[in-house]
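Asks:
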Amino acid sequence: MTALALTGSPLWYASRASGTLALVLLTATVVLGIASGGRAAPRRLGRFEIGRLHRDLSLLTLVFLAVHVVTAVLDPFVHLGWAVSVVPFTASYRPLWLGLGTTAFDLLLAVLVTSALRLRLGVRRWKAVHWLAYAAWPFALFHGVGTGTDTRLSLQLWLYAGCLASVVGAVWWRLAKAGPGRVTGRLTAALAATAVPVVLTAFLAAGPLQPGWAQRAAATTILAGSGR
Amino acid sequence: MNSSDTTPLTRAPETSTAPRLLAGWHATGRPDTLAGHLGRHGPSPVAAVLAGRGRCGGAMSLVDAVGAAGLTGRGGAGFPTARKLRAVAERRGRAVVVVNAMESEPASRKDRFLLAMAPHLVLDGAVLAATAVGADTVHVCLPRDRSAQHEQLGAALEERRRARLDPVRLRLHALPPAYVASESTSLVSWLNGGPARPGGGPPRTHERGVARRPTLVHNAETLAHIALIARHGPDWFRQAGTPEEPGTTLVTVSGAVAGPAVLEVAPGTPLTAVLDLAGGPTERLHGVLLGGFAGAWLPEARLRTPLTRRDLAPLGAAPGAGVIVALAGSACGLTETAGMLAYLAAHSARQCGPCRFGLPAVAEDFTALAAGRADPDLLSRLHRRTGLLPDRGACRHPDGAARLAASALRVFADDVDRHLAHGACPAAHRSPQIPVPSAAPPETWR
Amino acid sequence: MTRTRTLRIDRIACTGQGLCAELLPELIDLDEWGYPIAGDPAVPDRLRTHARRAVAACPRLALHTDDDPA
């Protein structure tokens with residue numbers, strides 16, 4: 001354990017824990033969403049039970065996300081303002097990596113609002129926004145890896161690996177069960193699902209797992225900031 | 001099929017009813033020009049309809065006159081025309097009229113023939129209907145593969161434009177030639193820039209159709225009848241036909257008859273008499289296909305039934321769009337039905353469950369039955385699946401296919417038993433008698 | 001009750017996911033391909049809550065209830 005991980009207020013611990021939990025819950029939600037969208041039906045469970053679980057897990061994700069955001073903002077160590085929770089890439093602390101998390105949060109909020117109003121919006125608009133949930137997942141993952149205080153813990157690394165494996169597995173399972181047709185779309189989905197672990201592994205090896213990441217994470221921010 | 005499009009299967013018959021829609025053709029044997037049309041039928045009473053009253057019975061509006069005449073839609077469904085007119089007229093906002101001249105039913109020729117011989121009667125009717133419901137535009141919808149008809153109708157429209165006859169805009173459109181593209185919701189979807197596929201549920205076409213405006217969709221023949229009712233009144237219209245199903249109606253008689261023809265007959269005429277008008281059967285008949293590919297088979301023993309909705313309903317049949325195909329005694333009814341079902345399955349829009357799975361499965365089983373390749377469960381499976389087609393699609397396409405399949409199993413029950421017990425009959429190996437267009441799915445819906 | 005509630009299935013939107021038949025087996029059955037078979041569209045009063053849940057559960061939003069004046 002690094003010295004950094006041991007220092008800090010209870011708020012900081014709460015923020016880290018709730019963030020990790022939110023990632024696990026989001027992964028479970030995404031996996032259920034992917035698995036239940038196809039034509040294959042589960043044998044022992046009802047389809048509606050999976051739908052209900054998908055909805056409840058997503059709500060729980062948002063609860064933990066709220067805890068994660070509130071504790072992070074209140075924590076005196078990083079000096080984040082409330083605006084950071086919704087406006088991405090404006091933080092003083094690791095703006096790029098934190099901004100990814102803010103973006104994921106915004107996307108999930110959009111999904112929440114449209115899902116609540118789906119009967120009024122109609123299926124086309126609802127589903128269009130719902131696709132953003134897929135983008136929110138890699139954003140959240142990179143946010144966790146890039147910002148996470150605990151990224152270098154082996155337990156945390158196993159957790160990331162588990163998240164990646166379950167989503168990629170779900171995508172491949174659905175594609176394997178799907179009938180013929182829609183080749184382009186399905187190929188894109190397969191490639192995208194495969195690209196995420198590859199890019200993440202490369203990023204981990206080049207970034208957070210190398211010594212001095214804390215300084216470089218802050219530096220990426222300056223580069224990103226000056227680039228604007 | 002296209003060769004028969006250019007050479008109409010028609011001759012002058014000895015009709016019991018004086019021809020109305022086809023009066024010009026009976027008199028001259030040629031298509032009516034605008035001058036010929038006006039000379040024969042007199043000027044169109046557009047001004048009177050615009051003023052809120054037809055010539056018929058003093059102060060009667062055209063909608064009321066059509067209601068009193070008891071005219072029903074001649075596109076197949078037989079819905080009371082006046083109710084459709086009234087539903088559109090009561091909506092707020094400028095309406096739109098769509099002339100359905102798609103005639104996608106493969107065995108039907110009557111709309112094509114009517115439009116070729118009396119185009120101005122149809123156009124008069126469309127303009128009168130538009131005037132009566134407060135529409136400023138008439139869209140005439142033809143399938144894209146009938147270019148000769150498109151040109152001829154274009155010329156007729158040009159004639160009217162030069163004569164400054166119509167207070168409304170008339171536009172001619174060429175739509176994808178698909179079976180379900182003739183569904184009224186398909187026409188509306190295509191005219192709105194979408195695919196020519198049926199749309200489901202609310203809002204209905206008369207509430208919000210073309211350009212979100214109240215839209216009246218009528219079959220070409222129905223509009224031609226309106227043109228005559230506006231001129232001569234409901235009492236005149238009721239001089240032909242039965243009290244319940246008055247007027248005349250066009251029928252397309254083909255198959256094992258000496259002179260296949262488009263005929264104008266009065267509802268109530270016995271089917272045998274209609275077949276006789278088309279030269280009579282060329283041999284003993286196995287049965288008659290009534291209403292087209294989405295229609296029903298009638299056994300030979302029932303051919304004395306009058307051609308009315310009421311008399312045919314107990315037999316599970318309906319006049320539909322007036323298609324009558326005589327099936328020779330030597331033909332195999334199951335093989336003919338299998339070919340038609342394969343066509344209907346291929347030409348569905350593949351939008352709803354019954355058309356994506358049920359209809360292709362029924363068509364496949366029917367092909368196996370006709371070819372004598374039936375497994376032991378086939379018949380019960382066919383009955384069950386056929387029973388699950390109706391009322392479960394956005395449009396009535398699966399219902400029509402189910403009607404055809406069910407009537408074939410009923411009317412050709414002896415053939416079914418023979419096919420199950422001994423395999424295909426000798427007739428099943430010959431090519432089908434009823435011409436079926438290519439069972440390839442439509443290339444485009446746009 | 002002065003109004004009757006009826007079920008309406010948007011047949012084009014429906015992809016045969018089958019959640020409606022799980023939540024409302026009293027009114028909806030499935031064919032062999034998983035597409036709904038709804039006999040009588042009228043929803044009895046005792047099933048109103050179940051019908052509402054089934055409407056909310058449809059992943060294609062293809063199930064609707066309409067209130068018709070009785």
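Protein chains in written order, with full-length UniProt numbering: chain H, 1 to 228; chain U, 1 to 446; chain G, 1 to 70.
Backbone N, C-alpha and C define an ideal beta-carbon position, used for all residues, glycine too.
#1: Please compile the residues from chain G whose C-beta is within a distance smaller than 8 Å of the C-beta of A41 (chain H).
#2: Could you have a look at G227 (chain H) and say whether DSSP puts it in helix, strand or coil?
#3: Quick one, are the C-beta atoms of N100 (chain U) and C141 (chain U) less than 8 Å apart?
#4: Keeping to the same chain, check which residues put their C-beta closer than 7 Å to that of R197 (chain U); ignore five residues upstream and five downstream.
#5: To the nearest angstrom, report how far apart H64 (chain G) and V133 (chain U) are at their CA atoms.
#6: Taking the alpha-carbon positions, what's the V235 (chain U) to T81 (chain U) distance?
#7: Taking A266 (chain U) and L290 (chain U) to be in contact with their CB atoms under 8 Å, please state how far apart those CB atoms are, rounded to whole angstroms.
#8: What does F366 (chain U) reach in chain G if we use C-beta pairs closer than 7 Å?
#9: Leaving out five residues before and five after A406 (chain U) in sequence, what residues of the same chain have Cβ atoms less than 6 Å from its Cβ?
#10: Where do the N-terminal and C-terminal ends of the alpha helix (DSSP H) with I50 (chain H) fall, by residue?
#11: Kindly give me the distance between the Cβ atoms of A230 (chain U) and P45 (chain U), rounded to whole angstroms, as I take these residues to be in contact under 8 Å.
#12: Could you confirm whether any beta carbon from chain G is found closer than 8 Å to the beta carbon of G400 (chain U)?
#13: Using C-beta distances below 6 Å, list every residue in its chain close to T2 (chain H), excluding the 5 sequence neighbours before and after it, in chain order.
#14: For a cutoff of 8 Å on Cβ pairs, would you count L4 (chain H) as touching chain G?
#15: Are any of the Cβ atoms in chain B nearer than 8 Å to that of R3 (chain G)?
#16: Pull up the distance between the alpha-carbon of R53 (chain U) and that of A47 (chain U), whole angstroms please.
#17: Closer than 8 Å, CB to CB, is C352 (chain U) near chain G or not?
#18: For a quick check, are the C-beta atoms of G259 (chain U) and G279 (chain U) less than 8 Å apart?
#19: I need the straight-line Cα distance from A128 (chain H) to V274 (chain U), nearest angstrom please.
#20: Assign H79 (chain H) to one of three DSSP states: helix, strand, or coil.
#21: Just to confirm the assignment, what range does the alpha helix (DSSP H) spanning L117 (chain H) have?
#22: With H, G and I counted as helix, E and B as strand and the rest as coil, what does DSSP make of G209 (chain U)?
#23: Measuring alpha carbon to alpha carbon, tell me which of U:D417, U:T252, U:L71 and U:R162 ends up nearest H225 (chain U).
#24: Which chain H residues sit within Cβ distance under 9 Å of E22 (chain G)?
#25: In angstroms, rounded to a whole number, what distance separates the CA positions of D75 (chain H) and R16 (chain H)?
#26: Which one or two residues does DSSP pair with I28 (chain G) in a beta bridge?
#27: Can you pull the DSSP bridge partners for S254 (chain U)?
#28: Just the Cα atoms here: how many angstroms apart are A62 (chain G) and T49 (chain G)?
#29: Quick one: which chain G residues come within Cβ less than 7 Å of L119 (chain H)?
#30: Between the C-alpha atoms of L223 (chain U) and A401 (chain U), what's the straight-line distance to the nearest angstrom?
#31: Report the start-end ranges of each alpha helix (DSSP H) in the region 76-123 of chain U that is 4 residues or longer and not cut off at the edges.
#32: Got a sec, what are the start and stop residues for the beta strand (DSSP E) E264 (chain U) sits in?
#33: Below 8 Å on the Cβ atoms is my guess for P354 (chain U) versus G393 (chain U); work out the distance and round it to an integer in Å.
#34: Enumerated in chain order, which unbroken segments of the beta strand (DSSP E) with a length of 3 residues or greater are wholly contained in the region 172-223 of chain U?
#35: Which residues of chain U have a Cβ atom closer than 8 Å to the Cβ of C14 (chain G), listed in chain order?
#36: Contact criterion: CB-CB distance below 8 Å. Does L388 (chain U) meet it with respect to chain G?
Replies: So, from the listed chains and residues:
#1: Within chain G, the residues near A41 (chain H) are G18 and G34.
#2: Residue confidence for G227 (chain H) is low, a pLDDT of 33 falling below 50, so the modelled location carries little weight; the figure read from the coordinates is stated next. The answer is helix: DSSP assigns G227 (chain H) an H, G or I state.
#3: yes
#4: So the qualifying residues of the chain are V180, S186, S189, A349, Q351 and W445.
#5: 32 Å
#6: For the record, residue 235 (chain U) in the displayed sequence is Asp; it is not Val. Distance between the alpha carbons of D235 (chain U) and T81 (chain U) is about 16 Å.
#7: The pair is not a contact, with the Cβ atoms about 17 Å apart (cut-off 8 Å).
#8: Neighbours of F366 (chain U) on chain G: none; closest Cβ ~17 Å, over 7 Å.
#9: T386
#10: Element bounds for I50 (chain H): R47 to L74.
#11: 5 Å
#12: Judged by the 8 Å Cβ criterion, G400 (chain U) is not in contact with chain G.
#13: Residue placement at T2 (chain H) is poorly supported in this model, since its pLDDT is 44, which falls under 50; the coordinates are not used for a value here.
#14: Confidence in L4 (chain H) is poor, its pLDDT being 48 and thus under 50, which makes the residue's placement unreliable; the coordinate value appears in the next sentence. Output row for L4 (chain H): interface = no.
#15: Within the model displayed, chain B is absent; protein chains H, U and G are what it includes.
#16: Low per-residue confidence applies at R53 (chain U): pLDDT is 48, beneath 50, and the placement is therefore not dependable enough to give any value.
#17: yes
#18: yes
#19: A128 (chain H) and V274 (chain U): Cα-Cα distance of roughly 57 Å.
#20: coil
#21: Careful: L117 (chain H) lies outside any alpha helix (DSSP H) and carries neither H nor E.
#22: coil
#23: U:L71
#24: Here the neighbours are G46, R47, F48 and E49.
#25: 11 Å
#26: Beta-bridge analysis with DSSP links I28 (chain G) to G:A38.
#27: U:V325
#28: 18 Å
#29: L61
#30: 27 Å
#31: 81-89 and 110-117
#32: Taken as a continuous stretch (DSSP letters only), the beta strand (DSSP E) holding E264 (chain U) covers A261 to V265.
#33: 5 Å
#34: 215-219
#35: Simply C352 and G353.
#36: yes
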